[in-house]
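Visitor:
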Amino acid sequence: MSSAEQTRDGVSLTNLDQPLAPDAGASKRDLVDYLDAVHGRLLPWLRGRPLSVVRVLRGQAPFMQKNLPKYTPDWVRRTSVWAEASHRDVSYALCDDRRTLLWFANQRAVEYHPTLSTVDRPGHPTDLVLDLDPPEGADFGVAVAAARLVRQALADVGLAGAVKTSGAKGLHVLVPVDGATSAEEAAAATRALAVRAERLDPALATTAFIREDRGGRVFVDSTRAGGASLVAAFSPRLRPGLPVSYPVGWDDLDAVVPADFTVRTVPALVADRDPWAGLLPPPQPLPADLVEQGRG
Ligand code: ATP
Ligand code: MN
Ligand code: MN
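Residue numbers (this note's numbering): 1 to 296.
(1) Rounded to whole angstroms, how far is the Cβ of S298 from the Cβ of R237, which I believe are closer than 8 Å?
(2) With a threshold of 16 other CB atoms inside 10 Å of the CB of S2, please say whether the residue is buried or exposed.
(3) When the Cα atoms are used, what is the spatial distance from D74 to S86?
(4) Which of helix, strand or coil does DSSP assign to L280?
(5) Using the rule of at least 16 other Cβ atoms within 10 Å of the residue's Cβ for burial, across every protein chain shown, is W82 buried or exposed?
(6) Report the rounded CA-to-CA distance for R264 versus N67, giving the unit in angstroms.
(7) Helix or strand or just coil, what does DSSP make of H172?
(8) Just to confirm, are V38 and V270 a CB contact at a threshold of 8 Å?
(9) Could you give the DSSP three-state label for S3: helix, strand or coil?
(10) Quick check: does the Cβ of G241 come within less than 7 Å of any heavy atom belonging to ligand 1?
(11) Could you pull out every residue in the same chain whose Cβ sits closer than 7 Å to the Cβ of V56, ignoring the five residues on either side in sequence?
(12) Would you grab the beta carbon distance between T308 and P258 for me? Rounded to a whole angstrom, and I think it's under 8 Å.
(13) Say yes only if the C-beta of G170 is nearer than 7 Å to one or more non-hydrogen atoms of ligand 2, and no if none qualify.
(14) Check each residue's C-beta against every heavy atom of ligand 3 and list, in chain order, those closer than 5 Å.
(15) Which two residues bound the contiguous alpha helix (DSSP H) that contains E84?
(16) Looking at the structure shown, is T298 part of a helix, part of a strand, or coil, going by DSSP?
(17) Alpha carbon to alpha carbon, what distance is there between G161 and L280?
(18) Per DSSP, what kind of secondary structure is L46 in: helix, strand or coil?
(19) Within the present structure, is the beta-carbon of S235 separated from the nearest heavy atom of ligand 2 by less than 7 Å?
(20) Alpha carbons only, please: which of D201, Q60 and H113 is nearest the one belonging to S235?
(21) Starting from the N-terminal side, write out each stretch of the alpha helix (DSSP H) that is 4 residues or longer and does not extend beyond the segment 94-152.
(22) Going along the chain, which residues of its own chain have a beta-carbon closer than 6 Å to the beta-carbon of W103, five neighbours each way excluded?
(23) Does the distance between the C-beta of S166 and the nearest non-hydrogen atom of ligand 2 fall short of 7 Å?
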């Protein structure tokens, strides 16, 4: 409907009144307005990082898009990455500015999954990620308890982390690491930390890769290392009500209801204040013996 069209930052926005997905409970306009409202908070997590997005086109199943489509305008910054698995170059977007974010929003890109390293320093992740995946049907409280184990495991080796909701079921603990850290070292240290968390309370947390072996425990997923991606803080998730991945202070974890952070509530929460303020530790060097433990 042309009457619904408008242009923002040079990007034409189309069909804004269409629903995003049957059960999303939000229109395309809700998505565009949200991303525009929080672009100042979201872009720092996207800038310079090869980006995958989850798009939902009308009448189609949602899909994760890595390779940019042919019709992408040439002003969208991009980088070519060799994909070993599919033996081809993948052209990833670098979502560096508001205009690109609005273009993605108009493409019905709901979720934003940047890689953990930047194009300036490929092979050197900026953060370790311990991804906490609660078992099917579990109370969110078990994910919180597992996050506390990870926090203790970090403290035991002199590291600090920050936590955010995934926007879906679990939590992500981020550990900023310094530029000397290689992907291999990051992967090893992440594994070692996951095992340390598991040992602190084996009845609560598990590193078992096989689902059947987890027995109702929280999976401390250490595989989101190196070249992998992670949904960005402030990215919506394609779930009913469009919940948002959101930073939480360690002291606030017990009171948190992840579903409270949605495209409707988050703009007001971030308007005057960076929710990461005071929560994110500075980039840290990895203890050599921790890396060694993870290699063993
Ligand atoms: P939840 O809380 O439900 O676990 P999540 O975002 O943590 O949500 P995971 O399945 O644990 O989901 O995956 C962690 C991260 O790994 C995701 O945020 C995503 O960036 C990345 N990821 C997972 N599966 C894929 C995939 N098939 N392709 C690309 N990236 C993926
Ligand atoms: Mn997860
Ligand atoms: Mn996971």
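C-beta: ideal position from N, C-alpha, C; glycine also.
Guide: By the coordinates alone:
(1) One cannot answer for residue 298 here, as it falls past the ends of the chain, which runs 1 to 296.
(2) Because the pLDDT of S2 is 47, which lies under 50, any placement of that residue in the model is unreliable, and the number read from its coordinates should be weighed accordingly. Exposed: under 16 other Cβ atoms inside 10 Å.
(3) Straight across, the Cα-Cα distance linking D74 with S86 is about 25 Å.
(4) coil
(5) Here W82 is exposed. Its C-beta has fewer than 16 other C-beta atoms within 10 Å.
(6) 30 Å
(7) strand
(8) yes
(9) Residue placement at S3 is poorly supported in this model, since its pLDDT is 45, which falls under 50; the coordinates are not used for a value here.
(10) no
(11) L20, A21, P62, R108, V110 and L238
(12) Look at the range of the chain in this structure, 1 to 296, and you will see that residue 308 is not part of it.
(13) Yes, since a heavy atom of ligand 2 falls inside the 7 Å radius drawn around the Cβ of G170.
(14) D131, D133 and D221
(15) Per DSSP, E84 belongs to no alpha helix (DSSP H) and is neither H nor E.
(16) Limits of the chain in this structure are 1 at one end and 296 at the other, which puts residue 298 out of reach.
(17) 7 Å
(18) helix
(19) no
(20) Taking only the C-alpha atoms, the option nearest S235 is H113.
(21) Counting only runs of 4 or more, we get 98-106.
(22) V11
(23) yes
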